[in-house]
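Numbering (the numbering used here), first residue to last: 96 to 631. All residues carry an ideal CB built from backbone N, CA and C; glycine is no exception.
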């Protein structure tokens with residue numbers, strides 16, 4: 096049983112196989128209806144079998160077991176009966192995903208390749224995740240991704256027992272969420288005139304308009320689709336930096352006394368724009384209005400507000416910003432950034448939510464109650480955890496999957512750190528320097544896919560997979576915390592089977608021997624990497 100992520104325990108019982116046929120049933124209590132519905136749909140499509148309702152103790156049966164944790168499950172396959180016992184709806188969904196894996200790669204097809212010969216192998220499996228937050232960030236701001244591709248990505252996350260989709264919806268290069276009270280955010284802010292081609296050290300542009308956005312009904316659909324598969328969508332609305340698209344739509348949000356914000360367009364470069372929000376009361380009210388609509392769309396406990404890479408030059412030059420610093424009794428521009436984050440931390444708490452932001456929210460003082468996405472290595476996350484704040488570890492040196500996968504000159508747009516499949520498998524999210532109390536504040540880990548260099552689902556597939564498979568095992572499974580002790584050879588062996596699953600799902604992953612022909616960079620042998628690793 097080449098299962099990925101590897102379960103806590105799995106025992107094969109070769110004399111206890113369960114052949115499936117047209118009489119095989121599927122039953123579940125009402126509380127596990129999402130898992131029942133998903134499993135019936137997936138298995139019926141692949142096998143052509145109906146999996147009609149049946150009776151307890153026969154066929155495929157899902158049951159609630161209150162002795163198990165919410166995301167835990169156990170599976171017992173015997174002749175005529177396959178039992179999935181789960182601690183809650185999430186555990187039932189993960190157990191259902193494992194049951195599909197037991198049927199082999201053809202179970203991931205959308206139409207049956209064969210009508211007979213479907214057999215569940217006899218087995219006893221017990222499983223539960225290591226972390227509660229097992230995430231992937233999808234940047235749809237730099238390059239817009241159609242809704243159908245987002246839904247496909249959700250399916251790929253769920254198939255690997257990843258349970259958080261961090262959706263990066265706004266940035267300097269585009270605003271992707273409809274806000275009804277501010278239609279200019281998508282009417283103007285969702286479109287740029289052209290895009291930079293390749294790494295930021297170059298000056299090539301494609302001179303092709305780019306844009307798009309999700310309507311509120313689109314986002315409700317994405318959230319509901321993800322929830323039915325055990326995935327929570329966490330939105331990111333970046334502020335006070337990474338906001339040129341918003342300022343281009345509503346110039347009064349910018350620092351109008353130092354720049355002609357009315358002349359700004361949505362940014363066409365990669366990197367970090369110096370055009371940031373002002374910190375006036377009117378701007379705070381504007382984004383409270385934005386967030387009121389965001390909260391209605393996204394029921395997640397956490398709302399990500401960025402808080403990172405906010406250049407301070409305009410605030411230093413702005414008489415209005417300096418007056419605001421004096422009015423608030425702040426020491427400097429760092430504290431002004433912290434003031435904005437603290438304001439929305441309180442505002443979200445008053446609305447029953449929690450703020451999470453990039454580790455720059457530590458600058459100028461950590462916002463009380465805020466959680467941290469630690470991207471600039473482990474240091475920010477460690478400081479936050481030691482101060483009693485929850486942390487999601489996503490250091491760019493380890494889990495930025497827009498970064499290159501090998502040193503070869505044929506890697507497409509070879510930016511950033513080289514992180515191989517084995518490097519990802521040996522990534523340990525909890526630093527050994529943390530004591531037991533602080534370590535408990537590492538609530539999870541996340542891989543990030545920034546889309547400056549990915550303008551299609553095809554590009555995302557190439558950069559994400561199979562590294563996201565290795566990451567999923569790191570996030571879910573109880574692997575040795577000492578990276579050198581992990582059985583990478585065993586993972587590689589199981590991956591051979593799992594690549595056939597990815598093939599069945601239509602994932603254009605990077606082959607082990609190098610880029611696909613369509614991905615290779617022509618005529619670049621010996622060409623050096625262009626510039627330093629990119630910033631967030």
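Tell me the DSSP bridge mates of residue i?
i	result
residue 541	230
residue 300	291
residue 106	219
residue 466	451
residue 286	306
residue 316	Partner(s): none; residue 316 has no beta bridge.
residue 261	232 and 329
residue 604	In the DSSP output, where bridge partners are listed per residue, residue 604 has none listed.
residue 269	266
residue 488	469 and 540
residue 114	214
residue 401	334
residue 196	In the DSSP output, where bridge partners are listed per residue, residue 196 has none listed.
residue 436	The partner list for residue 436 (beta bridge, DSSP) is empty, contrary to what the question assumes.
Give the straight-line distance between the Cα atoms of residue i and residue j, rounded to the nearest whole angstrom.
i	j	result
residue 379	residue 345	13 Å
residue 627	residue 106	At residue 627, the pLDDT of 41 sits below 50, so the modelled position is not reliable and the matter cannot be decided from this model.
residue 267	residue 153	56 Å
residue 209	residue 143	8 Å
residue 464	residue 431	18 Å
residue 485	residue 476	8 Å
residue 307	residue 137	31 Å
residue 588	residue 435	50 Å
residue 416	residue 335	13 Å
residue 188	residue 126	12 Å
residue 466	residue 225	19 Å
residue 478	residue 449	19 Å
residue 480	residue 532	9 Å
residue 440	residue 396	13 Å
residue 549	residue 611	15 Å
residue 623	residue 292	For residue 623, the predicted model reports a pLDDT of 37, less than 50, meaning its position is unreliable; a value from the coordinates is still stated below. Rounded to whole angstroms, residue 623 to residue 292 spans 17 Å at the Cα level.
residue 585	residue 520	11 Å
residue 625	residue 368	Residue placement at residue 625 is flagged as unreliable, the pLDDT there being 41, under the threshold of 50; the coordinate-derived value follows with that caveat. Distance between the alpha carbons of residue 625 and residue 368 is about 20 Å.
residue 108	residue 390	48 Å
residue 134	residue 433	46 Å
residue 579	residue 518	11 Å
residue 158	residue 124	7 Å
residue 446	residue 393	13 Å
residue 234	residue 474	24 Å
residue 613	residue 593	23 Å
residue 357	residue 343	7 Å
residue 164	residue 185	10 Å
residue 211	residue 115	8 Å
residue 199	residue 321	24 Å
residue 427	residue 420	7 Å
residue 117	residue 323	26 Å
residue 567	residue 492	17 Å
residue 104	residue 298	53 Å
residue 618	residue 487	With a pLDDT of only 45 at residue 618, under the threshold of 50, the placement of this residue in the model should not be trusted; the figure read from the coordinates follows. For residue 618 and residue 487, the distance between alpha carbons rounds to 40 Å.
residue 609	residue 192	30 Å
For residue i versus residue j, is the C-beta distance shorter than 8 Å?
i	j	result
residue 160	residue 130	no
residue 564	residue 99	yes
residue 437	residue 462	yes
residue 283	residue 290	no
residue 179	residue 246	no
residue 288	residue 278	no
residue 539	residue 570	yes
residue 385	residue 332	yes
residue 119	residue 148	no
residue 541	residue 228	yes
residue 197	residue 96	yes
residue 402	residue 453	yes
I think residue i touches residue j, with their Cβ atoms under 8 Å apart; what is that distance to the nearest whole Å?
i	j	result
residue 280	residue 261	With 8 Å as the limit, residue 280 and residue 261 do not qualify as a contact, their Cβ atoms being about 20 Å apart.
residue 170	residue 183	Not confirmed; about 16 Å, so no contact.
residue 604	residue 561	5 Å
residue 102	residue 244	Contact doesn't hold; Cβ gap of about 30 Å is too wide.
residue 252	residue 326	6 Å
residue 399	residue 329	6 Å
residue 112	residue 249	About 32 Å separates the two Cβ atoms, so there is no contact after all.
Evaluate contact between the segment 265-282 and the segment 303-312, counting only Cβ atoms and requiring at least three cross-stretch pairs below 8 Å. Here the segment 265-282 lies against the segment 303-312, with 3 or more beta-carbon pairs under 8 Å apart.
Please determine if the segment 138-155 and the segment 171-191 are in contact, where contact requires at least 3 C-beta pairs separated by less than 8 Å. Touching, yes, given that three or more Cβ pairs across the two stretches are closer than 8 Å.
Quick check: the segment 497-511 against the segment 524-542, are there 3 or more CB pairs under 8 Å? Output reads no: the segment 524-542 does not touch the segment 497-511.
At least 3 beta-carbon pairs within less than 8 Å: the segment 595-602 vs the segment 202-212: Enough Cβ pairs lie closer than 8 Å, so yes.
Determine contact between the segment 237-244 and the segment 406-413, defined as no fewer than three beta-carbon pairs at a distance below 8 Å. Judged by Cβ distances under 8 Å, the segment 237-244 makes no contact with the segment 406-413, as fewer than three pairs qualify.
Could you say if the segment 371-378 and the segment 341-357 meet the contact criterion of at least three C-beta pairs nearer than 8 Å? Taking 8 Å as the limit for Cβ pairs, the verdict is that the segment 341-357 does touch the segment 371-378.
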